[in-house]
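*Asks:* One structure is given below, represented as structure tokens, and several questions about it will come after.
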Amino acid sequence: MFYLLLILLGLISLKDLEVNLLPDMEFPRLTVITNFQNAAPEEVENLITKPLTEAVGTVKGIEKISSESMEGVSFVTLQFGWGTKIDYSAMEVREKIDLIRGVLPEDAGKPIVAKFDPSQSPIQEIVFFRWINPEHTNSEVLSKGKLKVTWIVWTALRSRKFPEVLKKKF
1 MFYLLLILLG LISLKDLEVN LLPDMEFPRL TVITNFQNAA PEEVENLITK
51 PLTEAVGTVK GIEKISSESM EGVSFVTLQF GWGTKIDYSA MEVREKIDLI
101 RGVLPEDAGK PIVAKFDPSQ SPIQEIVFFR WINPEHTNSE VLSKGKLKVT
151 WIVWTALRSR KFPEVLKKKF
């Protein structure tokens, strides 16, 4: 009898259940991105990442802080608890950043506070690889308009220098 009642309640609630391919979800995560052109990872960490981490670490509701310092860019990710009003937290993070803006190097870019929004994720990513000649990248194809597709929203060109091995003749 109990199981029959449970199944009946499940069927009634299933009727009102909304189904979405990408439901509106607000993940409690913010990322502070700061550009610092031509700076080594150690400089980025000492001059950008550490002051930012200390400043935003006092924001209420933070459960975890992680950071990554790379050449020319700093990422500080703040993980909040579920149920946190992420818009208010983002405002508070921006206020904390504004307080220490004078401590950051002048040639560093303005820190950007970005929310993680899965509905902004692409439904398809196309990646080009060219291994034959690393001097000519796919930037020619994308930047000169040879790839004409109207539904492209965003393109990013990333390249990697291949290490050279010098052979010495004896």
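Under the UniProt record's numbering, the sequence shown has 165 at position 165, and the numbering climbs by one with no breaks. The beta carbon of each residue, even a glycine, is placed where N, CA and C say it ideally should be.
1) If you scan the region 41-80 from start to end, which runs of the alpha helix (DSSP H) of 4 or more residues do you find wholly inside it?
2) How would you write the range of the beta strand (DSSP E) that Leu30 sits in, first residue to last?
3) Between the Cα of Gln79 and the Cα atoms of Leu8, Val113, Thr34 and Leu9, which residue gives the shortest distance?
4) Does Val19 come out as helix, strand or coil in the three-state DSSP assignment?
5) Could you spell out where the beta strand (DSSP E) holding residue 174 opens and where it closes?
6) Distance check for Phe116 and Ile132, CA to CA, integer angstroms please.
7) Please report the distance separating the alpha-carbon of Leu104 from that of Glu26.
8) Below 6 Å CB to CB, which residues in the same chain sit around Val73 once its five sequence neighbours on both sides are set aside?
9) Classify Val90 as helix, strand or coil using the three-state DSSP reduction.
10) Could you tell me whether the Cβ atoms of Ala39 and Leu47 are closer together than 9 Å?
11) If contact is defined by three or more beta carbon pairs under 8 Å, each pair taking one atom from either stretch, is the region 4-16 in contact with the region 90-102?
12) On the three-state DSSP scale, how would you describe Leu104?
13) Let's test the definition: count the other Cβ atoms within 10 Å of the Cβ of Phe2 and tell me whether it reaches 16, buried, or not, exposed.
14) DSSP state of Gly10, grouped into three classes?
15) Roughly how many whole angstroms lie between the Cα atoms of Glu68 and Pro111?
16) Taking 9 Å as the threshold (C-beta atoms), are Thr84 and Pro28 in contact?
*Replies:* Based on what the coordinates show:
1) 41-44 and 50-56
2) Arg29 to Asn35
3) Val113
4) coil
5) The structure shown does not extend to residue 174, since the chain is modelled only from 1 through 170, so no value can be given for it.
6) Residue confidence for Ile132 is low, a pLDDT of 49 falling below 50, so the modelled location carries little weight; the figure read from the coordinates is stated next. Computed Cα separation, rounded: 36 Å.
7) 30 Å
8) Asn35
9) The identity of residue 90 in the sequence shown is Ala, whereas the question assumes Val. It is helical.
10) yes
11) no
12) coil
13) exposed
14) helix
15) 14 Å
16) yes
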